[in-house]
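Going from the sequence shown to my numbering is simple: count from 1 and add 17. A short write-up of the structure that comes next.
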Amino acid sequence: DIIKLDIAFVHGVDTDSDKQALIRNLVVYARERGIAVLAEGVETREEMRTLIRVGVDYLQGYYLGRPQYQPMNVDHLLKQEICHMAEQIGEEGDR
18 DIIKLDIAFV
28 HGVDTDSDKQ
38 ALIRNLVVYA
48 RERGIAVLAE
58 GVETREEMRT
68 LIRVGVDYLQ
78 GYYLGRPQYQ
88 PMNVDHLLKQ
98 EICHMAEQIG
108 EEGDR
């Protein structure tokens, strides 16, 4: 049900057009089959923004929160940041 992108693909994705193209193609492949894509190892705001732009469904990593024994809620401000980025990216695509 979910394809998990390894940190090797995620780290530096914001500056690597080859990684972006690979992930974008994987997202298209997954969507055609009803499979979600999760990116692990998101460590920077720029990586997060790039992954949202290429269509990744779920994000995981230190930028979003440190590992915890008990699952924690995502910080409200971080949720707002993710939603705001997604809206901006959607508007960029409409142009």
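Glycine included, each C-beta is placed from N, C-alpha and C at the ideal position. In this text the structure is predicted, and so the values were computed from the model without any measurement.
Check: Own chain partners of Ala80 with C-beta closer than 8 angstroms, once the 5 adjacent residues on each side are dropped; Outcome: In the sequence as presented, Ala is not what sits at residue 80; that position holds Tyr. Closer than 8 angstroms at Cβ, skipping near neighbours: Val59, Glu60, Thr61, Arg62, Glu64 and Met65.
Check: For Val54, three-class secondary structure by DSSP; Outcome: strand
Check: Sheet register partners of Ile19 (DSSP bridge); Outcome: Ala53
Check: Inter-residue spacing [alpha-carbon to alpha-carbon] between Asp33 and Ile69; Outcome: 15 angstroms
Check: Test: Asn42 CB closer than 9 angstroms to a CB of chain B; Outcome: Absence of chain B from the displayed structure is noted, only one protein chain being present.
Check: Exposure label - Leu94; buried when at least 16 CB within 10 Å; Outcome: exposed
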